[in-house]
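Just below is one structure, and these are the notes that go with it.
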Amino acid sequence: MKQVNDHASKSAQKTSMPFTRWGADVLQLHGPEQAELLQDHVLEVNPDGLIQALRARIPGEAVEYDYRGMVIAPGFIDPHLHYPQLDVIGSAADGLLPWLEQHTFPAEKAFRDPAHAELLATRFLDELIHHGVTSAAVYCTSHPGSVDAFMQACNDRDMAMMAGKVLQDRHSPEGLRDETEQSLRDSQTLIERWHGRSRLSYVITPRFAPTSSEAQLRGCAELAAAYPGVRIQSHVAEHQAEIAWVRALFPKDRSYLAVYERLGLLQQHSIWAHCIHLDDEDRALLAARQAFAAVCPSSNLFLGSGLFDFKQTPFSWGLASDVGGGSSFSPFRTMLCAYEVARLQSHYLSPTKLWWQHSSGTARALGWKHCADGLRANTVADFIVIDPRATALMQRRWEGSESLDQQLFCLIVLGDDRHIKETVIRGRAAKSRFSREAIS
Ligand SMILES: [Zn+2]
Numbered sequence: 089m090k091q092v093n094d095h096a097s098k099s100a101q102k103t104s105m106p107f108t109r110w111g112a113d114v115l116q117l118h119g120p121e122q123a124e125l126l127q128d129h130v131l132e133v134n135p136d137g138l139i140q141a142l143r144a145r146i147p148g149e150a151v152e153y154d155y156r157g158m159v160i161a162p163g164f165i166d167p168h169l170h171y172p173q174l175d176v177i178g179s180a181a182d183g184l185l186p187w188l189e190q191h192t193f194p195a196e197k198a199f200r201d202p203a204h205a206e207l208l209a210t211r212f213l214d215e216l217i218h219h220g221v222t223s224a225a226v227y228c229t230s231h232p233g234s235v236d237a238f239m240q241a242c243n244d245r246d247m248a249m250m251a252g253k254v255l256q257d258r259h260s261p262e263g264l265r266d267e268t269e270q271s272l273r274d275s276q277t278l279i280e281r282w283h284g285r286s287r288l289s290y291v292i293t294p295r296f297a298p299t300s301s302e303a304q305l306r307g308c309a310e311l312a313a314a315y316p317g318v319r320i321q322s323h324v325a326e327h328q329a330e331i332a333w334v335r336a337l338f339p340k341d342r343s344y345l346a347v348y349e350r351l352g353l354l355q356q357h358s359i360w361a362h363c364i365h366l367d368d369e370d371r372a373l374l375a376a377r378q379a380f381a382a383v384c385p386s387s388n389l390f391l392g393s394g395l396f397d398f399k400q401t402p403f404s405w406g407l408a409s410d411v412g413g414g415s416s417f418s419p420f421r422t423m424l425c426a427y428e429v430a431r432l433q434s435h436y437l438s439p440t441k442l443w444w445q446h447s448s449g450t451a452r453a454l455g456w457k458h459c460a461d462g463l464r465a466n467t468v469a470d471f472i473v474i475d476p477r478a479t480a481l482m483q484r485r486w487e488g489s490e491s492l493d494q495q496l497f498c499l500i501v502l503g504d505d506r507h508i509k510e511t512v513i514r515g516r517a518a519k520s521r522f523s524r525e526a527i528s
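In the working numbering, the protein residues as written are 89 to 528.
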């Protein structure tokens with residue numbers, strides 16, 4: 089693995105990166121129901137990769153990156169997915185638990201090989217960039233080296249990412265099962281090595297209650313308490329068979345979520361994937377603890393896990409792909425699945441709301457400040473350029489739409505990676521640099 093040299097890479101950027109101007113229409117998201125499209129604007133980016141200004145284009149002005157007629161928007165944020173599952177996306181199984189045993193666990197075992205981890209980390213980040221995702225909260229495997237490989241790859245791309253080593257000290261196959269005390273020591277070492285370095289955050293990552301002992305789960309909570317600002321992420325209430333297993337393992341607890349609450353893991357800004365089969369008490373608990381639900385509709389449909397109840401969300405939440413249980417890296421697909429799941433429950437999610445919950449709104453709810461403020465002066469220039477005319481049908485629908493709402497909705501329904509013209513990370517074009525070999 090290459091040695092990390094943050095200082096050297098930043099110095100190189102400062103000397104090599106000029107002041108740049110990006111010209112296009114600009115999508116500003118002000119809240120879950122408030123968006124505007126600023127026509128023919130210029131985003132100025134300074135040599136540190138920060139937005140210097142957002143202003144109307146001067147008539148006749150030439151810019152370094154001219155995307156007139158396209159749309160600059162905040163980058164998408166994916167608050168739950170697994171980089172080691174890149175090679176199992178699109179694997180069929182009879183529900184969550186068979187899927188884990190037949191596809192996920194065998195694939196994750198291969199990450200004991202650092203070279204494999206490095207290769208998959210690179211390919212995974214290529215895919216994120218290819219699909220317009222600029223930041224994410226990511227699961228590695230139980231091998232500490234899988235975290236080093238991933239963090240190093242993120243660091244090389246200067247991406248704002250959260251990630252952590254999976255902890256699983258029971259009910260796990262040989263080659264993935266870790267040891268309680270050692271797993272906590274390894275997590276602590278990784279926090280010290282990576283948390284707060286460049287744009288990286290460490291997340292303490294017990295896979296889920298069935299594969300961790302009480303001692304391991306309690307240790308995770310204690311570790312988080314010892315490192316303020318380090319979050320916890322895990323899965324909860326995804327599938328009925330999983331819930332039955334949890335009930336058998338923790339018979340005294342009121343619910344699956346209550347296990348995590350009793351052991352101290354339900355902390356502010358902790359990230360809980362799925363949250364499908366909750367009751368009112370669970371929902372109130374998530375809200376009271378200021379925890380965050382990562383909602384994964386494409387995964388829930390793919391694995392047949394259930395339908396997230398979009399009508400009852402007193403807690404903060406955001407949309408996530410859950411690759412490889414999720415069937416696509418594309419935020420457009422995830423937003424469309426969310427819309428369709430809500431429709432099955434006679435609920436309406438507006439296009440702006442869907443977009444917000446997969447970008448700035450998610451960052452804000454997570455307290456992830458460096459990507460929460462959208463496209464404003466003095467924020468990091470992480471953004472995407474959308475080409476609404478990349479396909480003939482989308483062009484017809486875009487140009488024939490009478491409102492921004494309608495235009496955004498057409499992109500959600502018809503959009504894919506072809507409509508992501510460019511992904512910009514800290515002011516630098518990344519899609520054209522990194523994703524040439526991406527698998528689309
Ligand atoms: Zn997951």
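Glycine residues also receive a C-beta, built at the ideal position from the N, C-alpha and C atoms.
First and last residue of the uninterrupted beta strand (DSSP E) at residue 511: 508-513
Short Cβ contact (7 Å threshold) for residue 212 with residue 446: no
heavy atom of ligand 1 below 6 Å from residue 361 C-beta: yes
Nearest-angstrom Cβ-Cβ length linking residue 61 and residue 310, presumed shorter than 8 Å: No information on residue 61 is available, as it lies outside the stretch 89 to 528 that the chain covers here.
Beta-bridge pairing of residue 362 - partner residues as DSSP gives them: 324
Straight-line gap, residue 434 to residue 134 (C-alpha atoms, nearest Å): 46 Å
Exposure label - residue 376; buried when at least 16 CB within 10 Å: exposed
CB contact flag (residue 151, residue 130, <7 Å): yes
Three CB pairs or more closer than 8 Å across the segment 379-388 and the segment 412-428: yes
Helix, strand or coil at residue 343 according to DSSP, with G and I counted as helix: coil
Closest by C-alpha distance to residue 227, when choosing among 330, 295, 203, 221: 295
Supposed close pair residue 329, residue 188 - CB separation, criterion 8 Å: Going by Cβ atoms, the distance from residue 329 to residue 188 rounds to 11 Å, so no, they are not a contact pair.
Residue 107 classed as buried or exposed, judged by whether at least 16 other C-beta atoms fall within 10 angstroms: exposed
Cutoff 7 Å: residue 376 Cβ touching any chain D Cβ: No chain D is part of this structure, which consists of one protein chain only.
Check: residue 410 C-beta below 6 Å from any heavy atom of ligand 3: This structure simply doesn't include ligand 3; it includes ligand 1 instead.
Proximity to residue 253 [Cα-Cα], best of 278, 241, 301: 278
Identified DSSP bridge partners for residue 407: 383
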